[in-house]
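The structure appears right after this line, and notes come after that.
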Amino acid sequence: RPGEPKDPDSNALCAIYRAFATRAQGDAYAADLRAGLAWGEAKQRLATQIEDEIGPMRARYDRLTVESNQIEEILQEGAAKARTLAAPLLARLRQAVGLR
764 RPGEPKDPDS
774 NALCAIYRAF
784 ATRAQGDAYA
794 ADLRAGLAWG
804 EAKQRLATQI
814 EDEIGPMRAR
824 YDRLTVESNQ
834 IEEILQEGAA
844 KARTLAAPLL
854 ARLRQAVGLR
């Protein structure tokens, strides 16, 4: 109920909010829950926080999907970087298990 204190430590909304917020924002959200923030308002704040965090990523994704080759290029560049970083470790692992 609105005005009734809530326990942020046993509350999934608070845990999710903290995943998308700074420590100070998460602490303020928890304090507001303890002070009796209504569930409806708590959910709205959570939705706003998630959108603030994910919105720019979604906008970038939308821009990239306009030109699907850009996504493929980014994925290929990432794969090349990963192969470069992983190659020495994989060589040592193969040698250690007797594959080379």
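Quick note on numbering: the sequence shown equals residues 764 to 863 in the numbering used here. We put the CB at the ideal spot given by N, CA and C, even for glycine.
Could you check where the alpha helix (DSSP H) with Lys844 kicks off and where it finishes?
831-860
Please classify Pro768: does DSSP put it in a helix, a strand, or coil?
coil
Let me know the secondary structure DSSP gives Leu827 once reduced to three states.
helix
The alpha helix (DSSP H) spanning Ala794 covers which residue range?
786-797
If I'm right that Pro768 touches Ala794 with Cβ under 8 Å, what's the distance once you round it to whole angstroms?
Contact doesn't hold; Cβ gap of about 11 Å is too wide.
Would you call Arg846 buried or exposed, if buried means 16 or more other Cβ atoms sit within 10 Å of its Cβ?
exposed
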